[in-house]
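Last residue of the sequence shown: number 79 in our numbering, and the count goes up by one each step with no gaps.
From the three backbone atoms N, C-alpha and C, an ideal C-beta is built for every residue, glycine too.
Fair warning: this is a prediction, and the values are worked out from it, not measured in the lab.
Here's the structure we're looking at; comments come further down.
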Amino acid sequence: MRRERNGILERTVISSSPVSVEYSLTPLGQSLLGPFKTLYLWIVDNVGEVYEARQLFDARQT
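Written as structure tokens, this is what we have:
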């Protein structure tokens with residue numbers, strides 16, 4: 018798993034019946050929360066313009 022290998026997530030196998038797996042953010046993963054929140058807020062603020070750009074692009078393709 019790349020996110021685990023890159024130090025973003027920690028994976029814990031819980032020995033029970035049935036076996037389950039738990040994931041948690043490492044401190045490095047936690048450091049991404051701010052940038053992801055910023056990206057999310059940008060998307061919320063600009064989603065209308067993104068849809069308009071897609072429609073204009075798609076109209077040129079036909």
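- Under DSSP, the beta-bridge partners assigned to ILE31 are SER37.
- Sorting GLY24, ARG71, ARG77, GLY65 by C-alpha distance to the C-alpha of GLN47 places GLY24 at the top.
- Following the DSSP letters along the chain, one finds ILE60 inside the alpha helix (DSSP H) bounded by residues 50-78.
- TYR40 sits close to LEU26, with the two beta carbons spaced by under 9 Å.
- For LEU42, the pairing in a beta bridge is given by DSSP as LEU26.
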